[in-house]
Amino acid sequence: MKKKNTPEPTLIERLTLVLSTLSAQLDAAIKEIDDTNIAAVVSIRHLCRLIGYISDAVVAAKSTNDTPADRARVARRYLAQLRGQAEQAHMMMNGRRAEAARIELGITTAAIAQFLALIPEADETEAAA
1 MKKKNTPEPT LIERLTLVLS TLSAQLDAAI KEIDDTNIAA VVSIRHLCRL IGYISDAVVA
61 AKSTNDTPAD RARVARRYLA QLRGQAEQAH MMMNGRRAEA ARIELGITTA AIAQFLALIP
121 EADETEAAA
């Protein structure tokens, strides 16, 4: 149960949790590498890309005053990048890289869910409701 006087976590603290989750997934993917598992390499490459986006969000958050408007603006920008990655992977599913696209889409979709669970103000549809 959350105490009334407990301060709300900063955007940087919440982004750090997203990074921690992606890092754990990266660690698991690294352990799956072998001579026949190309999926692990695809996962590693894509997780590194997503970690880069979230790391950029941390840098952007550091340059703000961590007001609700600042948090929402920074979070929306990086949520849009994650959704763009998901859309790109979805479009590639009909091509020669269909299996890699399927892996990337699964990772990105999970990252979006994690991001929204920790940073709900990033979702413009929620803000409009």
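By full-length UniProt numbering, the letter at position 8 of the sequence shown is numbered 8, and the numbering carries on one by one without gaps.
Where is the CB? At the ideal position from N, CA and C, for every residue including glycine.
Separation of residue j from residue i, as counted between CA atoms
i              : j            : result
cysteine 48    : aspartate 66 : 26 Å
glutamine 81   : glycine 52   : 11 Å
glutamine 114  : valine 18    : 7 Å
isoleucine 103 : asparagine 5 : 42 Å
histidine 46   : proline 9    : 28 Å
residue 185    : proline 7    : Here the chain covers residues 1 to 129 and nothing more, so residue 185 does not appear.
alanine 101    : alanine 89   : 5 Å
isoleucine 33  : arginine 71  : 37 Å
alanine 127    : glycine 95   : For alanine 127, the pLDDT reaches just 48, beneath the cut-off of 50, and the residue's location in the model is therefore unreliable, although a value from the coordinates is still provided. C-alpha separation (whole angstroms): 36 Å.
alanine 122    : glutamine 85 : 16 Å
methionine 1   : alanine 98   : Below a pLDDT of 50, predicted positions are generally treated as unreliable, and methionine 1, at 49, falls in that range; no measurement from the model is reported.
isoleucine 38  : alanine 28   : 14 Å
Local Cβ density within 10 Å of residue i, reported as buried at 16 or more and exposed below that
i              : result
isoleucine 119 : buried
isoleucine 30  : exposed
alanine 69     : exposed
alanine 117    : exposed
Cut-off 8 Å between Cβ atoms - residues of its own chain near residue i, not counting five sequence neighbours on either side
i              : result
valine 58      : Ile12, Leu15, Thr16 and Leu19
asparagine 74  : The sequence shown places valine at residue 74, rather than the asparagine named in the question. So the list reads Leu11, Ala57, Ala60, Ala61 and Thr64, once near-sequence residues are dropped.
isoleucine 124 : Note on identity: in this sequence residue 124 is glutamate, with isoleucine being the wrong assignment. Answer for glutamate 124: Arg76, listed in chain order.
methionine 93  : Ala101, Arg102 and Leu105
Own chain residues within Cβ distance below 7 Å of residue i, not counting five before or after
i           : result
alanine 129 : Any reading at alanine 129 must be qualified, since the residue scores a pLDDT of 43, below 50, and its modelled position is unreliable; no value is offered.
Cβ shell of residue i (< 6 Å), same chain only, five flanking positions each side left out
i         : result
valine 42 : Ala100 and Ile103
N-terminal and C-terminal residue of the alpha helix (DSSP H) that residue i is part of
i             : result
alanine 57    : 38-62
methionine 93 : Segment: none, methionine 93 is in no alpha helix (DSSP H) and carries neither H nor E.
isoleucine 12 : 11-31
Distance between beta carbons of residue j and residue i, contact taken as under 8 Å
i              : j           : result
isoleucine 54  : leucine 22  : 7 Å
isoleucine 112 : arginine 83 : 6 Å
threonine 109  : leucine 50  : Rounded, the Cβ-Cβ distance is 11 Å, inconsistent with contact.
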